[in-house]
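Asks: My numbering puts the first residue of the sequence shown at 18, with every later residue one more than the last.
Ideal Cβ positions, reconstructed from N, Cα and C, are used throughout, including at glycine.
Source: prediction; values computed, not measured.
One structure follows; several queries about it will come next.
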Amino acid sequence: MTSILSRYVIGYVFNAILLTLLLILSLDFLASLIDQSEDLTEIYTVTDALFIALLELPREIHEYLPATMLIGSLIGLGILSSSNEVTVMRSSGVS
């Protein structure tokens, strides 16, 4: 059973991870569309390029997830630290 404090920290870190993943995936999605734009013809349209880029998203999530988790954890804990919440946790006796 997790404590309220643990859920609070996990919430901050999880939100930072999701935001980081969303940012990285959107940049990669945009780069994929730009890369495919030179291949557009009457047969291979923009809709096809969007569909291909969307189909690549699960692979890219799997590829970027370790780095995203590291960066998101650092950002989430950094937000807590910048507002001195980590200091308050430590001074209250939480290790």
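(1) Where do the N-terminal and C-terminal ends of the alpha helix (DSSP H) with GLY89 fall, by residue?
(2) Roughly how many angstroms separate the alpha carbons of ASP52 and SER100, rounded to a whole number?
(3) Would the segment 27 to 38 and the segment 83 to 90 be scored as touching if the rule is three or more Cβ pairs under 8 Å?
(4) Could you check whether the segment 60 to 76 touches the segment 40 to 50, counting it as contact only if at least three pairs of C-beta atoms, one from each stretch, sit closer than 8 Å?
(5) Can you tell me whether TYR29 is buried or exposed, with buried defined as 16 or more other CB within 10 angstroms of its CB?
(6) For the alpha helix (DSSP H) containing GLU102, name the first residue and the last one.
(7) Pop quiz: LEU42 and GLU77 are said to be a contact at Cβ under 8 Å. What is the actual Cβ separation, rounded to whole angstroms?
Replies: On the basis of the data shown:
(1) Locating residue 89 in the sequence shown gives position 72, counting from the first residue. GLY89 -> alpha helix (DSSP H) spans 74 to 99.
(2) To locate residue 52, count along the sequence shown from 1; it is residue 35. To locate residue 100, count along the sequence shown from 1; it is residue 83. Take the alpha-carbon of ASP52 and the one of SER100: they are about 41 Å apart.
(3) The segment 27 to 38 is in contact with the segment 83 to 90.
(4) A contact exists between the segment 60 to 76 and the segment 40 to 50.
(5) Numbered from 1 along the sequence shown, position 12 holds the residue referred to as residue 29. TYR29 is buried by the Cβ-count criterion.
(6) Within the sequence shown, the letter at position 85 stands for residue 102. It spans 102 to 108 - the alpha helix (DSSP H) in which GLU102 sits, taken as one unbroken run.
(7) Counted from its first residue, the sequence shown places residue 42 at position 25. Counted from its first residue, the sequence shown places residue 77 at position 60. In this structure LEU42 is in contact with GLU77, their Cβ atoms being roughly 6 Å apart against a cut-off of 8 Å.
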